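For the sequence shown, the positions run 202 to 458 when the working numbering is used. Step one of this worksheet: look at the structure below.
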Amino acid sequence: MEYIIVNEQYEPSIALIQLNRPKELNALNLQLMQELRDALQQLDRNTAVRVIVITGNEQAFAAGADIKQMADKSAIDMLTIDQFSTWDQIRKTRKPIIAAVSGFALGGGCELAMTCDMIVASETAKFGQPEIKIGVMPGAGGTQRLTRAVGKAKAMEMVLTGRFISAEEAMQMRLINKVVPVEMYLREAMTLAREIAQQSPIAVQLAKEAVNRSFETHLDEGLHFERKNFYLAFASEDQKEGMKAFIEKRKPEYRGK
Ligand code: CAA
């Protein structure tokens with residue numbers, strides 16, 4: 202791996218992926234995204250990992266897709282390379298992913314953070330979809346995920362002006378989960394990850410699927426999906442353990458079975 206650093210057990214059950222092209226503000230070139238896809242596939246298969254945290258550095262989570270790599274491409278080059286197909290893996294990851302964001306999260310960087318399940322940001326974080334300023338538009342989910350997260354009016358404003366918003370504004374718009382001082386954003390993301398890692402990984406996976414389904418379907422179908430996943434949880438040993446531990450007034454010990 203050249204552009205990311207993967208620590209499979211940054212903490213017990215928690216993997217950390219750090220985007221690592223600091224000189225380019227973690228601009229997301231093709232190789233970085235392929236490495237990220239491969240790492241996520243591997244971590245998803247690793248039963249010792251329950252939660253994944255993706256971060257950058259204090260200055261930048263990621264300043265977008267690599268403009269220099271795209272600048273002279275034709276439409277057919279873009280179609281053939283199909284660079285956003287690697288991004289689908291992020292969405293397909295079954296384990297929860299938390300984005301720990303500091304500094305710039307712009308264009309593809311904002312889209313990457315939004316593709317994660319939750320976002321913890323430092324006070325210095327800046328979110329934006331500035332593609333309009335370079336003669337294009339968001340291409341990795343920005344027009345869809347931002348609109349679903351913050352509503353049409355604010356999404357239109359951000360996408361059509363390219364204006365950056367502060368972490369505080371992002372918090373008010375309900376784009377992110379938390380804002381904390383810069384020295385705490387990774388720690389705070391880890392605290393959230395730890396809390397999730399203590400739960401049954403099977404229940405977490407089923408619940409994540411059901412929440413995501415609410416974005417993709419109508420209420421009746423979503424409720425049906427939720428109910429099936431709820432019933433399916435009863436096939437796990439973790440369900441027996443969780444309910445038994447409650448009745449016996451002790452902490453459950455989940456084995457992911
Ligand atoms: N692609 C390629 N290189 C980038 C980059 C990007 N998205 N963002 C920053 N860099 C590079 C700069 O070119 C610069 O490299 P050099 O030192 O070789 O010149 C280096 O990173 C540092 O950047 P700046 O000197 O510009 O730093 P700054 O602090 O003055 O400005 C910034 C920071 C406001 C983030 C500015 O770099 C910027 O506007 N970046 C581009 C943001 C952008 O437009 N992102 C959207 C990309 S398109 C996209 O993402 C499509 C999609 O939907 C997936």
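Quick reminder that beta carbons are idealized off the backbone N, C-alpha and C, glycines included. Because the structure is a prediction, the values reported are computed rather than measured.
Just to confirm before moving on: does the CB-CB distance between residue i and residue j stay below 8 Å?
i      : j      : result
Ser254 : Ala394 : Note on residue identity: the sequence assigns Val, not Ser, to residue 254. Taking 8 Å as the Cβ cut-off, Val254 and Ala394 qualify as a contacting pair.
Val207 : Ile215 : no
Ala264 : Phe305 : yes
Asn378 : Glu410 : no
Gln290 : Gly308 : no
Arg295 : Thr316 : no
Met202 : Glu225 : no
Ile205 : Pro297 : no
Val321 : Ala261 : no
Glu454 : Glu438 : no
Ile335 : Met319 : no
Thr348 : Ala356 : yes
Glu209 : Asn247 : yes
Which value, in whole angstroms, describes the spacing of the CA atoms of residue i and residue j?
i      : j      : result
Ile156 : Asp278 : An answer regarding residue 156 cannot be provided, because it is not within the stretch 202 to 458 covered by the chain.
Arg222 : Ala404 : 35 Å
Glu332 : Trp288 : 18 Å
Leu244 : Ala326 : 27 Å
Leu229 : Gly310 : 8 Å
Gln238 : Leu220 : Per the sequence shown, the amino acid found at residue 238 is Arg instead of Gln. The alpha-carbon atoms of Arg238 and Leu220 are separated by roughly 12 Å.
Arg451 : Pro402 : 19 Å
Ligand 1 and residue i: does the residue's C-beta get closer than 7 Å to at least one heavy atom of that ligand?
i      : result
Pro339 : yes
Phe262 : no
Leu226 : yes
Phe305 : yes
Gly309 : yes
Ala266 : yes
Gly343 : yes
Lys274 : no
Glu422 : no
Using a threshold of 7 Å, is the CB atom of residue i nearer than that to any non-hydrogen atom of ligand 3?
i      : result
Glu203 : Ligands displayed in this structure: ligand 1; ligand 3 is not among them.
Am I right that residue i and residue j are in contact with their C-beta atoms under 8 Å? What's the rounded C-beta distance?
i      : j      : result
Ala436 : Leu407 : About 10 Å; that fails the 8 Å criterion.
Ser303 : Val380 : No, Ser303 and Val380 are not in contact; Cβ-Cβ is about 11 Å, not under 8 Å.
Thr256 : Leu420 : Not confirmed; about 35 Å, so no contact.
Just grab the DSSP bridge partners of residue i for me.
i      : result
Ile320 : Ala300
Thr256 : Gln219 and Ala301
Gly329 : Leu307
Asn208 : Leu217
Ser367 : Lys327
Leu433 : In DSSP, Leu433 forms no bridge with anything.
Lys379 : Val321
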